[in-house]
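*Asks:* Protein chains in written order, with our numbering: chain A, 1 to 412; chain B, 1001 to 1338. Glycine included, C-beta positions come from ideal geometry on N, C-alpha and C. This is the structure I want to talk about, given as structure tokens.
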């Protein structure tokens, strides 16, 4: 049933009030059920379609900044919670001070231009971007749960529950399938680039490292380019990308990164994060496969206290207890292992992975079930509840003071 | 190689269907429009696959040849660009992919698509005007930059009155469109050295009158990029005569000296690279020399303290010391000339 319903829901999303013919068990949310299909690009989320009517203009006084809710680009951009004044809706604004930005301007320009060329419910869209003074403002939808990295920091120090991981994974795969079909390799898939909205919609972001294989009127079948400014992403890179040999790499490189992402989500910590980059490279090239930490694999893990700031005072025992207590499904273990397959040919594509049996358990469930799985973490929906943080504005002020010129004018 | 079967349309059929449906689009209303537009997108996708191949299949040469010939003969390319805004979001990207692929096509030393566009200027002009429509601006930009690779097409673009529209486009408030327009603008002025040198020389007054507005723009990014490009253009030896003309005008020197003292350190730095040419010029016209002399002490003092933290940038420090030395040695001609 869902395929037919879905096609209709996508076409007549706004007007469709008809009741669905056949109903699975949990019928209380029939609107989202109609829209739901695990494989379809056409999954239209409510919040996205609501925003279609709103025009976000590149006019600075339409937006009121509130507080910093995140950092991006290795800390050189700040993400603000903000209000779109004409509609009083909450949005997010990424601010980059271009004057102190130490990278090529084209780096950020390419990211924005590329993102503007993508349109998928699971890829974070940009409403608009404009220059204000020395700053670049990028207006985006508010992803009220923040990134998956934020979730891990906030509560899930030892990892997210399996069901939550599956919802996240499904949406990430849909996004990756979409960009791969369009010839783009993401090259930066990791927990901090996966964002969740208050309705549980998962969006992939962080396209600044991505690579377009359609160039000069040709489609490249292998790529050798190594992403610049990628120190933060090294852990998630595939062995073949790191290897930098003549064989190059392709779309499957992203699939490996998804494997690392699953480990990060499940274990609360990215594999290889406790070792120097060179050792990580060796481990990856030797085919060491990271695993999900649970009762079946706990023997393989040595928890390193110093390497893990997320859990102040955590001891080996506590971690052991948590890992002992839970057991991820055999399906998820296998899924992860397939993603992390060293042999690129054996590693499945995003489309193949979307058909994996691991998603059976959430097959008829929409993303709107995700927020309940993330409790006790709550989304950021109320400006008043946010503690005020003026550090960013102070930054600006001190900078302005230091810029004041103390010399007399030229004589012309 | 596409499988034989009833479903696969021949290249000729694809182009024919595309052309017919594109011609219909402007006059259709909602429901029929949607249907035809979907058909257009489907055809575009098939054409794209034919040109680029799939994951496991390389494109088939004969099919590609048939398709391109049909595109030229049926004049579908101009129609495609004219109707770009009527094609849906994903379809537009396919248009870009198709256009760029055709443009790269070579038969021996010939590039037939380039030849075709040379005879059909309207395609280029439509693409430039595409920057005025948010929906298609970035798509048009990608195709334009591909056109810029060909000297003949770049020449048409530079000499078209529409070229001066770029001075507006690079300043629009939407950052991505302004950025994209700037990279096309820059490509046009730097890609083919001889061509752009000649263009700048012959159109000096008009170009630099417009350029001035970019250097004075309220938009920080525009100003910074324009200043950087100015430095690159003047320092390119192909543009020697343009440079000479530029550094003879005292107004330009004043502007650069003021920019040296802008709040933005990046602007200061870029301005330095233009300012240095004025000082290094062995044959400074009198008005230029006068300004430098009038500000001699201030300049020496200013430059000594200018960006001192760049201690690792050897070239910059060498240039700076050279400028300081030059300025210290400046003499009014009465005494200076032997």
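Contact between the segment 1119–1129 of chain B and the segment 1149–1157 of chain B is defined here as three or more beta-carbon pairs at a separation below 8 Å; is this criterion met?
*Replies:* A contact exists between the segment 1119–1129 of chain B and the segment 1149–1157 of chain B.
*Asks:* Enumerate in chain order the residues of its own chain whose CB-to-CB distance from residue 227 of chain A is below 6 Å, with the five nearest sequence positions on each side excluded.
*Replies:* Contacts found: 187, 209.
*Asks:* For residue 1209 of chain B, does the count of other Cβ atoms within 10 angstroms reach 16, so buried, or fall short, so exposed?
*Replies:* Per the 10 Å Cβ criterion, exposed.
*Asks:* Find the residues of chain A that neighbour residue 1100 of chain B, judging by a C-beta separation of less than 7 Å, and give them in chain order.
*Replies:* Under the 7 Å cutoff, chain A gives 217.
*Asks:* Would residue 1118 of chain B pass as a contact of residue 1068 of chain B if the rule is Cβ separation under 8 Å?
*Replies:* No, Cβ-Cβ distance for residue 1118 of chain B and residue 1068 of chain B is not below 8 Å.
*Asks:* Would you call residue 1202 of chain B buried or exposed, if buried means 16 or more other Cβ atoms sit within 10 Å of its Cβ?
*Replies:* Its Cβ having fewer than 16 others within 10 Å, residue 1202 of chain B is exposed.
*Asks:* Below 8 Å on C-beta distance, what does residue 1221 of chain B contact in chain A?
*Replies:* What residue 1221 of chain B touches in chain A: 98, 105, 131, 136.
*Asks:* Which of the three DSSP states, helix, strand or coil, is assigned to residue 89 of chain A?
*Replies:* Strand at residue 89 of chain A.
*Asks:* Starting from residue 77 of chain A, follow the beta strand (DSSP E) in both directions and report where the run begins and ends.
*Replies:* Note, residue 77 of chain A: beta strand (DSSP E), 77–84.
*Asks:* Using C-beta distances below 8 Å, list every residue in its chain close to residue 327 of chain A, excluding the 5 sequence neighbours before and after it, in chain order.
*Replies:* So the qualifying residues of the chain are 294, 295, 296.
*Asks:* Ignore the nearest five residues each way along the sequence and tell me which others in residue 424 of chain A's own chain have a CB closer than 8 Å to its CB.
*Replies:* In the structure as shown, chain A starts at 1 and stops at 412, and residue 424 of chain A therefore has no counterpart that could be examined.
*Asks:* When burial is assigned at 16 or more other CB atoms within 10 Å of the CB, is residue 1062 of chain B buried or exposed?
*Replies:* Under this definition residue 1062 of chain B is an exposed residue.
*Asks:* Would you identify the three-state DSSP class for residue 104 of chain A, choosing helix, strand or coil?
*Replies:* Correct three-state label for residue 104 of chain A: coil.
*Asks:* Applying the criterion that 16 or more other CB atoms from any shown protein chain within 10 Å of the CB defines a buried residue, is residue 358 of chain A buried or exposed?
*Replies:* With 16 or more Cβ atoms within 10 Å of its Cβ, residue 358 of chain A is classed as buried.
*Asks:* Hey, how far is the Cα of residue 46 of chain A from the Cα of residue 118 of chain A?
*Replies:* Only weak support is given to the placement of residue 46 of chain A: the predicted model assigns it a pLDDT of 39, under 50, and the question is left unresolved by the model.
*Asks:* Could you check whether the Cβ of residue 1190 of chain B sits closer than 8 Å to any Cβ belonging to chain A?
*Replies:* Residue 1190 of chain B does not count as touching chain A.
*Asks:* Distance check for residue 368 of chain A and residue 260 of chain A, CA to CA, integer angstroms please.
*Replies:* Roughly 25 Å separates the two Cα atoms.
*Asks:* Looking at residue 1276 of chain B: is its Cβ nearer than 8 Å to the Cβ of residue 1319 of chain B?
*Replies:* In contact: residue 1276 of chain B and residue 1319 of chain B (Cβ atoms closer than 8 Å).
*Asks:* Can you pull the chain A residues whose beta carbon is under 9 Å from the beta carbon of residue 1066 of chain B, in chain order?
*Replies:* Going along chain A, no residue has its Cβ under 9 Å from residue 1066 of chain B, so there is no contact; the nearest lies around 18 Å.
*Asks:* For a contact meaning CB atoms closer than 8 Å, what does residue 1053 of chain B contact in chain A?
*Replies:* Under the 8 Å cutoff, chain A gives 219.
*Asks:* Under 8 Å between the Cβ atoms of residue 175 of chain A and residue 265 of chain A?
*Replies:* No, the pair does not count as a contact, with Cβ atoms beyond the cut-off.
*Asks:* With a cut-off of 8 Å, does the C-beta of residue 1298 of chain B fall near any C-beta of chain A?
*Replies:* With 8 Å as the cut-off, residue 1298 of chain B counts as an interface residue toward chain A.
*Asks:* Just the Cα atoms here: how many angstroms apart are residue 185 of chain A and residue 223 of chain A?
*Replies:* Approximately 10 Å between the Cα atoms of the pair.
*Asks:* For the segment 1167–1186 of chain B against the segment 1214–1228 of chain B, do three or more pairs of beta-carbon atoms, one drawn from each stretch, fall closer than 8 Å, so that the two count as touching?
*Replies:* The segment 1167–1186 of chain B is in contact with the segment 1214–1228 of chain B.
*Asks:* Determine whether the Cβ of residue 214 of chain A lies closer than 8 Å to any Cβ atom of chain B.
*Replies:* For residue 214 of chain A, the answer is yes, since a Cβ of chain B falls inside 8 Å of its Cβ.
*Asks:* Closer than 8 Å is the cut-off here; do at least three beta carbon pairs connect the segment 1133–1146 of chain B with the segment 1091–1107 of chain B?
*Replies:* Yes, they touch.
*Asks:* Rounded to whole angstroms, what's the CA-CA distance from residue 240 of chain A to residue 252 of chain A? Just pull it up for me.
*Replies:* Each residue's alpha carbon lies about 10 Å from the other.
*Asks:* At the level of alpha carbons, what is the spacing between residue 1040 of chain B and residue 1279 of chain B?
*Replies:* Going by the C-alpha atoms only, they are around 59 Å apart.
*Asks:* Between the beta-carbon of residue 137 of chain A and the beta-carbon of residue 95 of chain A, is there less than 8 Å?
*Replies:* Yes, these two residues count as a Cβ contact at 8 Å.
*Asks:* Going along chain A, which residues have a C-beta under 7 Å from residue 1097 of chain B?
*Replies:* The contacting residues are 214.
*Asks:* Closer than 8 Å, CB to CB, is residue 1257 of chain B near chain A or not?
*Replies:* So, interface residue.
*Asks:* What residues from the segment 63–80 of chain A come within 8 Å of chain B, judged by C-beta to C-beta, listed N to C?
*Replies:* Answer set for the segment 63–80 of chain A: empty.
*Asks:* Quick one: does residue 49 of chain A have its CB under 8 Å from some CB of chain B?
*Replies:* Bear in mind that the predicted position of residue 49 of chain A carries a pLDDT of just 40, short of 50, making it unreliable; the figure below should be weighed with that in mind. False, the Cβ-Cβ gap to chain B never drops below 8 Å.
*Asks:* Give the residues of chain B in contact with residue 58 of chain A, contact being defined as C-beta atoms less than 9 Å apart.
*Replies:* The contacting residues are 1172, 1173, 1174, 1175.
*Asks:* So residue 1167 of chain B and residue 1213 of chain B are supposed to be a Cβ contact under 8 Å. How far apart are they, rounded?
*Replies:* About 6 Å separates the two Cβ atoms, so the contact holds.
*Asks:* With 8 Å as the threshold, decide whether the Cβ of residue 411 of chain A is near any Cβ in chain B.
*Replies:* Closer than 8 Å: yes.
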